[in-house]
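Residues -26 to -1, 1 to 238, numbered by mature numbering (1 follows the signal peptide of the UniProt record, and there is no 0), are exactly what the sequence shown covers, in order. Every residue gets a Cβ at the ideal spot worked out from N, C-alpha and C, and that includes glycine.
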Amino acid sequence: MEPSISSWLFRIFITFFICFLGFASSDSSRMPTITMNSTAEFQNHTAISEFRILNRKALGDCPDPNPYLQINVSSKSGLSDEEYVSVTLSGVLVPADSDWVAMITPAHSEVSSCPFNGIQYQQTGDFSKLPLLCHYPVKAQYVSNDPDYLSCKKKECKKYRNGVCVLTTCSASLKFHVINFRTDIEFVFFAGGFETPCILKRSNALSFNTPKMPLYGHLSSIDSTGTSMRLTWVSGDKERQQVQYGDGKSQTSAVTTFSQHDMC
């Protein structure tokens, strides 16, 4: 008995439907790969770096019971207006390329979540429900900038057994360019890179010798006559100051004060 026209049409429909499902499933299986790679593909083009979004990370202490870990800063009794300081890390058991050090000011900064800053972010149109840092690291660099760190060429024995060293730790040194921020600074040793940071160790606070020192003087013309000049500078003191010029002449400055709340 020959099959009817309706049965042939039914077979054709079933075959087409199966083929359609096959193409649809293959296309949908490729979509997550495209979506997943799109962020990494366009990250450099949008100028978004891992460090720039660090203030949207939740920072806490690392679950690291290492009793040997130390962070020390080579500096005199006080910091000058501009200098290079050496930060030394020691007692590291397992060096990682994701280890990094940040310079933070003021030294009493809260580097954990700061939810009340969300109100200020919402004023800019940012309504993302993410952690917010109260303060932002001023500078940072990976510890691997010391070429001897990952290979642990700077070793120190921490434990001996029968005259044989059974436990060694690694160390590294980094240099930071420091200018007068007028507030105390500290250095913090992080693990986990910029994406999943956690705190390993914090240094002691460092103070500047002259936090109120007038700095960064700038001369400019008031008009085109060339008979007068304007001198502006930045100071940590809101009191009026004097400028000496010419042959024993002096003039008292006018003070304009701005704070963090004046910045956008």
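- By a C-beta neighbour count over all protein chains shown, 10 Å radius and 16 as the cutoff for buried, is residue 150 buried or exposed? buried
- Item | Unbroken beta strand (DSSP E) run spanning residue 119, endpoints | Element bounds for residue 119: n/a, residue is neither H nor E.
- Query: Would you report the Cα separation of residue 52 and residue 112, rounded to the nearest angstrom?
  - Reply: 19 Å
- Query: Are residue 186 and residue 209 touching if we call contact CB-CB under 8 Å?
  - Reply: yes
- Query: Just the Cα atoms here: how many angstroms apart are residue 139 and residue 129?
  - Reply: 11 Å
- Task: Classify residue 230 as helix, strand or coil using the three-state DSSP reduction.
- Result: coil
- Message: Only counting the same chain, and skipping five residues up and downstream in sequence, which positions put a Cβ closer than 8 Å to that of residue 191?
- Response: 205, 206 and 207
- Query: What does a CB cutoff of less than 7 Å around residue 214 pick up in its chain, not counting 5 residues either side in sequence?
  - Reply: 226, 227 and 229
- Can you find a C-beta in chain D that's less than 8 Å from the C-beta of residue 211? You won't find chain D in this structure, because it holds only one protein chain.
- Quick one, which of 147, 199 and 212 has its alpha-carbon nearest residue 231's? 212
- For residue 181, I'd like the list of residues in its chain whose CB is within less than 6 Å of its CB, leaving aside the five on either flank, ordered along the chain. 52 and 158
- Item | beta-carbon residue 52 near the ligand HEM non-hydrogen atom, thresh 7 Å | Questions concerning the ligand HEM fall outside what the structure shown contains, since it holds no ligand whatsoever.
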